[in-house]
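Asks: Throughout, the numbering used here is defined as the position within the sequence shown, counted from one, plus 15.
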Amino acid sequence: MSLVSYTAYTPLIESSIFSGEKKVNLNLAIRYNENEDKTYIWIGTPIITTGY
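Here it is as structure tokens:
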């Protein structure tokens with residue numbers, strides 16, 4: 016299983032939180048499941064609030 020997760024900030028989305036000293040309001044996670052041969056994508060704002 017492979018997993019990557021990104022956080023970012025865009026002024027186009029009003030709500031945001033701080034992660035350390037940086038504002039974030041967009042969270043993207045991508046997970047590939049080898050057994051299922053499927054890729055799962057989660058997008059959350061300001062963050063993903065479920066497990067991935």
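Idealized CB from N, CA, C, for every residue including glycine. Remember, predicted model here, so these are calculated numbers, not experimental data.
Could you tell me which residues DSSP pairs with Leu41 in its beta bridges?
Replies: According to DSSP, Leu41 bridges with Ala23.
Asks: Over the uninterrupted beta strand (DSSP E) stretch that includes Tyr55, give me the two end residues.
Replies: Per DSSP, Tyr55 belongs to the beta strand (DSSP E) from Lys53 to Gly59.
Asks: In whole angstroms, what separates the C-alpha of Glu29 from that of Val39?
Replies: Cα to Cα, the separation comes out at about 11 Å.
Asks: Is Trp57 near the ligand ZN, with its Cβ less than 7 Å from a heavy atom?
Replies: This structure lacks the ligand ZN, and indeed carries no ligand of any kind.
Asks: Using alpha carbons as the reference points, say which of Tyr47, Leu27, Ala23 and Arg46 lies closest to Glu36.
Replies: It is Ala23.
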